[in-house]
Amino acid sequence: MTVSNVIDHTQRDPWSVALEQFDVAADRLHLDPNMRGILRECQRELIVHFPVRMHDGAVKVFTGYRVQHNVSRGPGKGGIRYHPSVTLGEVKALAMWMTWKCAVVGIPYGGAKGGVVCEPKGMSLQQLETMTRRYATEIMLLIGPERDIPAPDVNTNAQTMAWIMDTYSMHHGYTAPAVVTGKPLSIGGSEGRNEATARGAVYTIIEASKHLGIDLEGTRVVVQGFGNAGLHSARLMQELGATIIGLSDTGGGIHNEKGFDIAKVDAFKKEHGTVVGLPGSDRISNSELLELDCDVLIPAAIENQIGEHNAPRIKARIVAEAANGPTSPEADRILFDKGVFLIPDILCNAGGVTVSYFEWVQDLQNLFWREATINARLKEVMVKSFSDVLEMSKKHKCDMRTAAYMVAVHRVAEATLTRGIYP
Ligand code: NAD
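Listed below in structure tokens is the structure:
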């Protein structure tokens, strides 16, 4: 992922949001207070400070984190983020969200996350490699194919994973592809990983449409963000016959009631660096984009996009959170009262971690699957998970986020309880 300069920390502290979301589900589940106490904390929080020699000869000390929230259901799983405003609180929240995400789609992982406080934009490839290799060495206390498996996140990518995999392998004296996912195909990456998040999100939109009796053919769709999650979501929705009437990126938003040809928008963006200025489109602001009259709104950019200030004006029938954390808890309540059907991030964008799981399984078995097999297995996971969450929301007459948390928290609590308290 390459989201950069986009994390708005003026909004609510992510850890307090994560705890509030957990508490809502825990209340509804009447979770035992002892279990609540366990799950409200992260099991392991590693803070590392490490020196890197920069080009000018100066030594710069970086701070990094690796947090494991709960590993009762399996090894830790979660991305590594490079950003100047990474904090321990943010990494903790992201680790907790990974625990719920893995549990809601039933893959055998616990939640983890990592990050380094840095501005990768100003660093050369060589400096990034050196920093990554040293950070990987520092967090080797925690990571490993059976222990905790990092993946790309904001400003890290397949190359970053290759460096971590190589560093780990050098220290252990043998090649260990399963220590990270999101790797290049040449060293044990998986077919289908690149578009897995969007594909998974689209499977959940198909299920939501069936549930609501909406025909996707001709459905009007708005997508915020035109990166990995946004571009592929828009393309796959178009393939299903939907009309993509609004799109955006950091440059701004574009609108055309007749719909965009996503391949043409992609080509335009590759040439001009933004979707803004596409011939035949009207320029609109980010808030106008989110409030467009449409059937499906796919936030696929960054967190904190739908809050109290704009939730009353959202007109979409379905909001599908391809992005992590785009909606505040206050906005959740407003959208639910308005009858908007929201597919929460931990369910909607879990296709990414699901195919990461497939990558890990392939690496451990040294047996690689065809893309068609991966997509079919992804579909099976997403359809089943959507159905589990929908059933929970019907049973408890609650919104889909609360239901997803209830499914997840119940599964993690059950695993934690079954294993018992050591010693
Ligand atoms: P990306 O960097 O590939 O794309 C992000 C896009 O959002 C870019 O087009 C950028 O221009 C745009 N953007 C940034 N700020 C914006 C703003 N304020 N308004 C409009 N557009 C803006 O990142 P990505 O991998 O597509 O990730 C997007 C979201 O999806 C993130 O929240 C990420 O955590 C989530 N996600 C991604 C994956 C994955 O596998 N890629 C998996 C799970 C969740």
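Going by my numbering, the sequence shown opens with residue 25, and the numbers climb by one from there. Virtual Cβ for every residue (Gly too), placed ideally from N, Cα, C. Small disclaimer: the values here were computed from a predicted structure and weren't measured.
Could you tell me the boundaries of the alpha helix (DSSP H) in which residue i lies?
| i | result |
| --- | --- |
| Arg425 | Met424 to Arg443 |
| Ile358 | Pro353 to Lys362 |
| Ser40 | Pro38 to Leu53 |
| Asp285 | Asp285 -> no alpha helix (DSSP H), and no H or E assigned at all. |
| Ala222 | Ala220 to Leu236 |
| Thr397 | Glu395 to His420 |
| Val148 | Strictly speaking, residue 148 in this sequence is Ser, with Val absent from that position. Looking at the DSSP string, Ser148 is not in any alpha helix (DSSP H), and its letter there is neither H nor E. |
| Arg60 | Pro57 to Leu63 |
| Leu302 | It is not in any alpha helix (DSSP H) - Leu302 carries neither H nor E in the DSSP assignment. |
| Asp273 | Not the alpha helix (DSSP H): Asp273 falls in the beta strand (DSSP E), residues Thr267 to Asp273. |
| Thr240 | Reading off the sequence, residue 240 comes out as Leu, not Thr. First-last for Leu240: undefined, no H or E at that position. |
By Cβ distance below 6 Å, which residues in the same chain neighbour residue i in space, the five residues on each side in sequence not counted?
| i | result |
| --- | --- |
| Asp273 | Phe250, Thr298 and Val299 |
| Arg435 | Ala127 |
| Leu63 | none |
| Gly349 | Glu327 |
| Tyr446 | none |
Over what stretch of residues does the beta strand (DSSP E) that includes residue i continue unbroken?
| i | result |
| --- | --- |
| Gly249 | Element bounds for Gly249: n/a, residue is neither H nor E. |
| Thr133 | Per the sequence presented here, residue 133 reads as Tyr, with Thr not at that position. Here Tyr133 belongs to no beta strand (DSSP E), and DSSP marks it neither H nor E. |
| Ile326 | Counting along the chain, Ile326 falls outside any beta strand (DSSP E), and DSSP gives it neither H nor E. |
| Thr378 | Careful: Thr378 lies outside any beta strand (DSSP E), inside the alpha helix (DSSP H) at Gly375 to Gln389. |
| Arg341 | That residue, Arg341, is in no beta strand (DSSP E); it is neither H nor E in DSSP. |
| Ser311 | Ser311 -> not in any beta strand (DSSP E); alpha helix (DSSP H) instead, spanning Asn310 to Leu314. |
Near residue i, which residues of its chain fall below 8 Å by C-beta distance, leaving aside the five closest residues on each side in sequence?
| i | result |
| --- | --- |
| Met25 | Note that Met25 scores a pLDDT of 44, beneath 50, so its modelled location is shaky; the value from the coordinates is reported in the next line. Correct list, in chain order: Gly103, Pro176, Asp177, Val178, Asn179, Thr180, Asn181, Gly251 and Asn252. |
| Thr267 | Gly242, Thr243, Arg244, Val245, Lys282 and Gly283 |
| Val83 | Pro75, Val76 and Arg77 |
| Thr87 | Ile71, Val72, His73, Val140 and Val141 |
| Tyr227 | Gly375, Leu402, Lys403, Met406, Val407 and Phe410 |
| Leu414 | Glu231, His235, Met424 and Ala427 |
| Met430 | Ala49, Arg52, Leu53, Met416, His420 and Cys422 |
| Asn399 | Gly216 and Arg223 |
| Gln151 | Val76, Met78 and His79 |
To which residues of the same chain is residue i closer than 7 Å at the C-beta, ignoring the five residues directly before and after it?
| i | result |
| --- | --- |
| Arg158 | Phe74 and Val76 |
| Arg457 | Residue 457 falls outside the range modelled here, since the chain spans only 25 to 447, and no answer is possible. |
Contained alpha helix (DSSP H) runs [length at least 4] in the region 163-210, N- to C-terminal order: You should have 182-196.
Taking contact to mean 3 or more Cβ pairs, one atom from each stretch, closer than 8 Å, check whether the region 277-291 and the region 216-236 are in contact. Output reads no: the region 216-236 does not touch the region 277-291.
Below 8 Å, how does it come out for the region 380-395 and the region 355-362: are there three or more Cβ pairs, yes or no? Counting Cβ pairs under 8 Å, fewer than three are found: no touch.
Cβ pair count under 8 Å reaching 3, the region 253-264 against the region 321-333: With the cut-off at 8 Å, the region 253-264 and the region 321-333 touch.
Would you mind listing the beta strand (DSSP E) stretches within the region 68-117 that are 3+ residues and don't spill past its ends, in chain order? Whole beta strand (DSSP E) segments, 3+ residues: 68-77, 83-94 and 100-107.
Indicate whether the contact test is met: 3 or more Cβ pairs, each with one atom in the region 437-445 and one in the region 89-99, closer than 8 Å. The region 437-445 is in contact with the region 89-99.
Given 8 Å as the limit, is there contact between the region 190-200 and the region 162-171, that is, 3 or more CB pairs closer than that? Touching, per the Cβ criterion.
On the three-pair Cβ rule with 8 Å, is the region 184-192 touching the region 149-157? Counting C-beta pairs with one atom in each stretch, the region 184-192 and the region 149-157 have three or more that are closer than 8 Å, which means they touch.
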